[in-house]
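Comments concern the structure below.
Residue numbers (this note's numbering): 10 to 366.
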C-alpha cells in the first residue's frame, strides 16, 4: 500500500466494492427492496444514497480517530460497553452470513448461466476469497478498488442497452414477487437496505479511515462512493422495471436480461457478476476474520482460522441464494438499525474534537 495513504479513488472504490455484491449485481436486492414499491422505490433510492454518504463518513472519521484495525473499535466507542458488545456480536455474525450469501450467489450463477453444479461456483468463490483475505488489509483494499470500475461499467452497459430496447414500466413489483412482512413500506425498506450494508462495510471502512491519505480523501472518497452506489442502483432499478413481468421469479434477474440482449452480453455480465460478488465476499470475510484473529501477524493460527471458517461458510451456502436475500438481509437490516443509532449518538453526543490529518 502507498506509504502516503489510501487515495480518494481507492476510498470510493473500496466503499462501493464492499456494498455491491451478489444481491446488488444479480438484481435481487434492488428487486426486493425498491422495485417492490414501484415509483416510491425511486424515493427509497434517494434516501439510501444520502444515508450511505452520511454514515460512510461517520464510520471513516471514527476509524481514523480511533486508528481502527477492525469494526470493534468503532462499535465499542459508539455503543459503549454493553450495547457495543451486543452490536459487535451481531456485526461479526452477519459478516459471516454475508460471505455465505456471496458463495451461494456464485453457485446460483454457475447453475443458471453455465448449467454447472452449484458446488463448482461455491468452491471457486470460497477459495478466491480466502486466498485474498490471507494477504491482509492492503491486499483486500487493492483487490476491491481495482475491480470496481470494471464492474460498474458492466452494470452501466447492460442497463443502458436494456433501457434503450425495453419501455420502462415503473409499477409495484409486489403483486408479482409476493408480500414480505419484513419490508412493509418503502422508507423502512430503504433504511434496512442501508443498515445491513453498513453492517457489512463497517469492517472495511473503519480500518480504511485510518489508512486514508488525509481527511480530504475521506470526505471526497465517501461522497464519490455514495453517489456511485446510488447511480448503480438506479440503473439496475430502471432495467428491472422494464422487464418486471419476465424476471419476477428469476434467481438472477440481471443475468436473464443480459441474455435477452445477446449471448455475448450474458457472458460479459457473468464476469461482472463474479467480480462484484468477489469484492463483497472479500470485504465481509475479512471483517469477520479480523475480528477473531490478527491477520497482519500472518501466523499459522490465523491461516488455520481462515481455512476452517471458509469451510464452514461453504457448507452453509447450500441454503439457497434468493432465500438468503429475501429473509436474511431484512433481518440483518433490523439488527443494523441499532448500529446506525449508535453511530448517530456517538457523532453528535460523545465525539470530542480531535485534529485529524
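Ideal Cβ positions, reconstructed from N, Cα and C, are used throughout, including at glycine. All figures in this text were calculated on a predicted structure; none of them were measured in a lab.
Quickly, what does DSSP pair residue i with across the bridge? List them, please.
i, result
"residue 2", "The question about residue 2 has no answer, for the chain in this structure spans 10 to 366."
"residue 221", "15"
Does DSSP classify residue i as helix, strand or coil?
i, result
"residue 323", "helix"
"residue 363", "The pLDDT assigned to residue 363 is 46, lower than 50, so where the model puts this residue is not dependable; a value taken from the coordinates is nonetheless given after this. Note: residue 363 maps to coil in three-state DSSP."
"residue 77", "coil"
"residue 257", "coil"
"residue 36", "coil"
"residue 10", "In this predicted model, residue 10 has a pLDDT of only 47, less than 50, meaning its place in the structure is not dependable enough to derive any value."
"residue 308", "coil"
"residue 213", "helix"
"residue 252", "coil"
"residue 29", "coil"
"residue 43", "coil"
"residue 358", "helix"
"residue 21", "helix"
For residue i, report the span of its alpha helix (DSSP H) as first-last.
i, result
"residue 284", "272 to 301"
"residue 348", "338 to 354"
So, is the C-beta of residue i closer than 8 Å to a C-beta in chain B?
i, result
"residue 98", "In the structure shown, chain B cannot be found, because there is only a single protein chain."
Notebook entry, point to check: Looking at C-beta atoms only, is the number of pairs between the segment 230 to 239 and the segment 13 to 23 that lie closer than 8 Å three or more?
Noted result: Short answer: they touch.
Item checked: the segment 47 to 55 touching the segment 186 to 206, judged by at least three CB pairs closer than 8 Å -> A contact exists between the segment 47 to 55 and the segment 186 to 206.
Next item on the list: Enumerate, from N- to C-terminal direction, the unbroken alpha helix (DSSP H) stretches of 4 or more residues contained entirely within the segment 106 to 194.
Entry: With a minimum length of 4 residues, the continuous alpha helix (DSSP H) runs that stay inside the segment 106 to 194 are 127 to 142, 146 to 174, 183 to 186.
Check: Is the number of C-beta pairs between the segment 253 to 264 and the segment 89 to 106 that are closer than 8 Å three or more?
Finding: Contact fails: fewer than three Cβ-Cβ distances are below 8 Å.
Notebook entry, point to check: In chain order, which continuous runs of the alpha helix (DSSP H) of length 4 or greater are located wholly inside the segment 45 to 106?
Noted result: Taken in chain order, the unbroken stretches of alpha helix (DSSP H) that lie wholly in the segment 45 to 106 and span 4 residues or more are 49 to 75.
Next item on the list: Count the C-beta pairs between the segment 99 to 119 and the segment 335 to 343 that are closer than 8 Å, then say yes if the count reaches three, no if not.
Entry: Under the 8 Å Cβ criterion, the segment 99 to 119 counts as touching the segment 335 to 343, having at least three qualifying pairs.
Check: For the 8 Å Cβ check, are there 3 or more pairs between the segment 266 to 280 and the segment 288 to 304?
Finding: Output reads no: the segment 288 to 304 does not touch the segment 266 to 280.
Next item on the list: Assess, as a yes-or-no matter, whether the segment 315 to 326 is touched by the segment 125 to 144 under the definition of 3 or more beta carbon pairs within less than 8 Å.
Entry: Cβ pair count under 8 Å is three or more, so yes.
Next item on the list: Decide if the segment 75 to 86 is in contact with the segment 243 to 255; the criterion is three or more beta carbon pairs, one per stretch, under 8 Å apart.
Entry: Cβ pair count under 8 Å is below three, so no.
Checklist line | Segment contact, 8 Å Cβ cut-off, at least three pairs: the segment 308 to 316 with the segment 122 to 130 | finding: Judged by Cβ distances under 8 Å, the segment 308 to 316 makes no contact with the segment 122 to 130, as fewer than three pairs qualify.
Check: Does the segment 83 to 90 come close enough to the segment 222 to 236 to have 3 or more Cβ pairs within less than 8 Å?
Finding: Counting Cβ pairs under 8 Å, fewer than three are found: no touch.
Next item on the list: Evaluate the contact criterion for the segment 159 to 177 versus the segment 267 to 274: three or more CB pairs, one atom per stretch, below 8 Å.
Entry: Under the 8 Å Cβ criterion, the segment 159 to 177 counts as touching the segment 267 to 274, having at least three qualifying pairs.
Check: Looking at C-beta atoms only, is the number of pairs between the segment 206 to 221 and the segment 64 to 73 that lie closer than 8 Å three or more?
Finding: Counting Cβ pairs under 8 Å, three or more are found: they touch.
Checklist line | the segment 55 to 64 touching the segment 201 to 213, judged by at least three CB pairs closer than 8 Å | finding: Here the segment 55 to 64 lies against the segment 201 to 213, with 3 or more beta-carbon pairs under 8 Å apart.
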